[in-house]
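Read through the structure below, which is laid out as structure tokens, and then see the notes.
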DNA sequence: GGTGTCGATGTGACCGTGCACACGCAAGGA
DNA sequence: TCCTTGCGTGTGCACGGTCACATCGACACC
């Protein structure tokens, strides 16, 4: 019945040492690639390791070194395409460097919840944290609580203590806006993300910059919640207005909902109104009409985060990455007037 | 410059004991909710813990108990909506039970890669593994290597050693097929998933069952790769054929690509051909035409997996879950002849 | 030939917890 | 009164690594 507890003790470093006829410390040296060890001694040890199928015990190592070889991911955006892709990038990069990854999803972003999450990760002895919680408030909380370990955030946050990085949201949003302008549009609405989100703000700034540069009128943004459902209702609402010819939606999901809302209201895209999104999710190229959008390399963002974090942990020079370029993907949903 | 290493030693159980005027073992008992401890002693200890901001050291605990309070997620399906949603469910359920979660993405599904992944997780001392690697071969490898710890797989695999569970793929696929039949279709194609995938096989079985039951002709399935791009090309190909009036795609992504391919070829959906998908991804309700599909509760699947795994780990009665019901979501893309 | 340096290896302590066991004491039964 | 039982608590060790230090021989240098 109880099979797990009957399992014999796993071989330890001392078992290996005995079999190889050396001291346990020598085995430890082999495991850690210590330079001064005779090749033939090393070979004996490696043989013994193979024979016993010895595997180092991470807990023991973590206990004595106070390093867990584990990175924490603190995320508040579950299930969305972008963050999820970044997490995949983080994991791959971390594993490549021999680090494992412990993920923690925030259910809500109250200061207490964030505090608990960080404490939890700190208990788990993670060596560093990547934060994917792009709400402004999360940063304020993090700054306020002075996290006692290295951390990197995946979105640009002005004034945050930890390092942060992201694709160049402002430039991407501006490129989207300029694309619409170049197609002859002058009355361009913005379907923005929630007020608290840093990315929402950056994309709105890009939108405003683009319009101001071209001396075009700006409109008060419509505040959405990133969901396709919201986009749908926004489309129905907007179909009643006739003071614009193009919409820049802050993400693809809202843009696709918008297409649906327009369709249901008899507004033809791109004939009557042009639409452009942001993110380039996998279906963007296949919806009707195919969605013009701004592509960003989420996994690369995750990989960069890991490189920065590891440099901090190891006390090495922290690499400087320029902002990650976004790529405009012009498709059918945005057309000339 | 080196701030991390200067950090003073964190308070240990003995520091707490000294401050509270008890032995370290008493502190340990308080931490582990040992029954026989005087309330006033407990209060003293808790005070000391609060004063010192003491946090238990997971590594030390893991070392002595050989339990890490950590679950591993072994995943080979990066970035897809379904698995990702299940992972979110797994994490939430695990955290609720006080377990942390270590995720590991397989880059490929060779036996070596799978073996390394399991070994890696075992080194990390995870107490159990949830496997989200729905390829048949993964199961064969897992079965072959006799994993020495509890594991649960998230897809039905006949003959696997570990427990496994999933939504009732066969019933869902059958419901989709029957929906098409009830709309008057009798020539129904299946755009299947890759041969190696268990879910692909289950969904195909449901399709075949549904047709056989109704005494309708079956067609050799078209083997896809789950991507919208493949669906698109399939749509272009299929537009040349006229021997069918409906298509059941094994997932929504392919279905959406299919809609695109049909659209580009002048095939009208649902006027000329009906299409139904599987998964109910968030955009399914918004593409044009809105996509009929089969909904499944991925997060719940993840939560159930955790409950089963923890029961195994704790040696409790493993809960029996019936197959998770799927829900048919009839929308515009499937219509009567 | 004495002394210092370096390479290769061994010895023992220590990291922070939980467990087995021991102990003192009070209550209850013989 | 003595023995058992159980509660509340303390003592010492074990877990499996790494680190600081000791040891020992080979070699170079003066």
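Chains as they are written, first to last, in my numbering: chain U, 1153 to 1489; chain C, 1153 to 1489.
Note that the Cβ used here is the ideal one computed from N, Cα and C, for glycine as well.
Name the chain U residues whose beta carbon is nearer than 7 Å to that of residue i?
i: residue 1460 of chain C; result: Correct list: empty, because the minimum Cβ distance to chain U is about 15 Å.
i: residue 1257 of chain C; result: 1240, 1243, 1244
i: residue 1252 of chain C; result: 1254, 1276
i: residue 1415 of chain C; result: 1440
Would you kindly check if the distance between the Cβ of residue j and the Cβ of residue i is under 9 Å?
i: residue 1305 of chain U; j: residue 1282 of chain U; result: yes
i: residue 1419 of chain U; j: residue 1441 of chain U; result: no
i: residue 1404 of chain U; j: residue 1435 of chain U; result: yes
i: residue 1324 of chain C; j: residue 1302 of chain C; result: no
i: residue 1381 of chain U; j: residue 1345 of chain U; result: no
i: residue 1342 of chain U; j: residue 1356 of chain U; result: yes
i: residue 1376 of chain C; j: residue 1387 of chain C; result: no
i: residue 1411 of chain U; j: residue 1447 of chain U; result: no
i: residue 1242 of chain C; j: residue 1466 of chain C; result: no
i: residue 1288 of chain C; j: residue 1239 of chain C; result: no
i: residue 1285 of chain C; j: residue 1228 of chain C; result: yes
i: residue 1464 of chain C; j: residue 1319 of chain C; result: no
i: residue 1205 of chain C; j: residue 1172 of chain C; result: no
i: residue 1401 of chain C; j: residue 1362 of chain C; result: no
i: residue 1265 of chain C; j: residue 1244 of chain U; result: no
i: residue 1439 of chain C; j: residue 1438 of chain U; result: yes
i: residue 1215 of chain C; j: residue 1407 of chain U; result: no
Which residues in chain U sit within 9 Å of residue i, going by Cβ to Cβ distance?
i: residue 1210 of chain C; result: 1211, 1214, 1220, 1275, 1276, 1277
i: residue 1403 of chain C; result: Here the premise fails: no neighbours, minimum Cβ distance about 12 Å.
i: residue 1186 of chain C; result: In chain order: nothing, as chain U lies at least about 20 Å away.
What does a CB cutoff of less than 7 Å around residue i pick up in its chain, not counting 5 residues either side in sequence?
i: residue 1385 of chain U; result: 1413
i: residue 1157 of chain C; result: Low local confidence applies: a pLDDT of 36 at residue 1157 of chain C is under 50, so the model's placement there is unreliable, and no value is given.
i: residue 1365 of chain U; result: none
i: residue 1180 of chain C; result: 1165
i: residue 1347 of chain U; result: 1375
Beta-carbon within less than 8 Å of residue i's beta-carbon, same chain only, minus the 5 sequence neighbours each way: which residues are those?
i: residue 1254 of chain C; result: 1222, 1223, 1224, 1225, 1273, 1276, 1278
i: residue 1310 of chain C; result: In this prediction, residue 1310 of chain C scores a pLDDT of 49, lower than 50, which makes its location untrustworthy; the coordinate-derived value is nonetheless stated afterwards. So the list is empty, once near-sequence residues are dropped.
i: residue 1486 of chain C; result: 1331, 1332, 1335, 1398, 1422, 1426, 1427, 1428, 1444
i: residue 1312 of chain C; result: Reliability of the predicted coordinates at residue 1312 of chain C is poor, the pLDDT of 45 falling under 50, and no value is obtained from them.
i: residue 1189 of chain U; result: 1178, 1181, 1182
i: residue 1358 of chain C; result: 1321, 1322, 1323, 1324, 1325, 1326, 1327, 1328, 1329
i: residue 1170 of chain U; result: none
Spatial neighbours of residue i within its chain, please: C-beta separation below 6 Å, excluding the five flanking residues on both sides.
i: residue 1484 of chain U; result: 1441, 1442
i: residue 1246 of chain C; result: 1223, 1253, 1458
i: residue 1182 of chain C; result: 1194, 1197
i: residue 1432 of chain C; result: 1445, 1447, 1481
i: residue 1417 of chain U; result: 1388, 1391
i: residue 1354 of chain C; result: 1321, 1322
i: residue 1472 of chain C; result: none
Thinking just about the alpha-carbon of each residue, which of the options is nearest to the one in residue i?
i: residue 1360 of chain C; options: C/1214, C/1187, C/1373; result: C/1373
i: residue 1489 of chain U; options: U/1465, U/1476, U/1235, U/1396; result: U/1396
i: residue 1470 of chain U; options: U/1461, U/1174, U/1163, U/1211; result: U/1461
i: residue 1300 of chain C; options: U/1189, U/1454, U/1172, U/1162; result: U/1162
i: residue 1235 of chain C; options: C/1466, C/1450, C/1340; result: C/1450
i: residue 1165 of chain C; options: C/1321, C/1340, C/1188, C/1210; result: C/1210
i: residue 1237 of chain U; options: C/1219, C/1248, C/1257; result: C/1257
i: residue 1492 of chain U; options: U/1329, U/1249, U/1401, U/1351; result: Residue 1492 of chain U cannot be examined here, being either before or after the span of chain U that is shown, 1153 to 1489.
i: residue 1394 of chain U; options: U/1406, U/1402, U/1340; result: U/1340
i: residue 1474 of chain U; options: U/1453, U/1463, U/1482; result: U/1453
i: residue 1352 of chain C; options: C/1307, C/1432, C/1263, C/1172; result: C/1307
i: residue 1379 of chain C; options: C/1430, C/1363, C/1354; result: C/1430
i: residue 1271 of chain U; options: U/1177, U/1321, U/1297, U/1191; result: U/1297
i: residue 1268 of chain U; options: C/1250, C/1267, C/1217, C/1263; result: C/1250
By the criterion of Cβ-Cβ separation under 7 Å, what are the contact partners of residue i in chain C?
i: residue 1434 of chain U; result: 1380, 1405
i: residue 1455 of chain U; result: Going along chain C, no residue has its Cβ under 7 Å from residue 1455 of chain U, so there is no contact; the nearest lies around 13 Å.
Listing by chain order, which chain U residues have their CB less than 8 Å from the CB of residue i?
i: residue 1408 of chain C; result: 1435, 1438, 1439
Which bits of chain C does residue i rub up against, with CB to CB less than 9 Å?
i: residue 1271 of chain U; result: 1207
i: residue 1359 of chain U; result: By Cβ distance, chain C contributes nothing, its closest Cβ being about 23 Å from residue 1359 of chain U, past 9 Å.
Query raised in the report: Where in the region 1429–1489 of chain U do unbroken runs of the beta strand (DSSP E), each at least 3 residues long, occur, reported from the N-terminal end onward?
Result: 1445–1447, 1479–1481
Requested in this report: Quick one: which unbroken alpha helix (DSSP H) runs of 4-plus residues sit fully inside the region 1322–1383 of chain U? Chain order, please.
Outcome: 1350–1365
Report task. Jot down the residue ranges of each uninterrupted beta strand (DSSP E) in the region 1234–1298 of chain U, minimum 3 residues, whole runs only, in chain order. Result -> 1252–1257, 1280–1284
Query raised in the report: Which runs of the alpha helix (DSSP H) spanning at least 4 residues fall entirely within the region 1177–1238 of chain U, listed in chain order?
Result: Listed in chain order, they are 1191–1204, 1210–1217.
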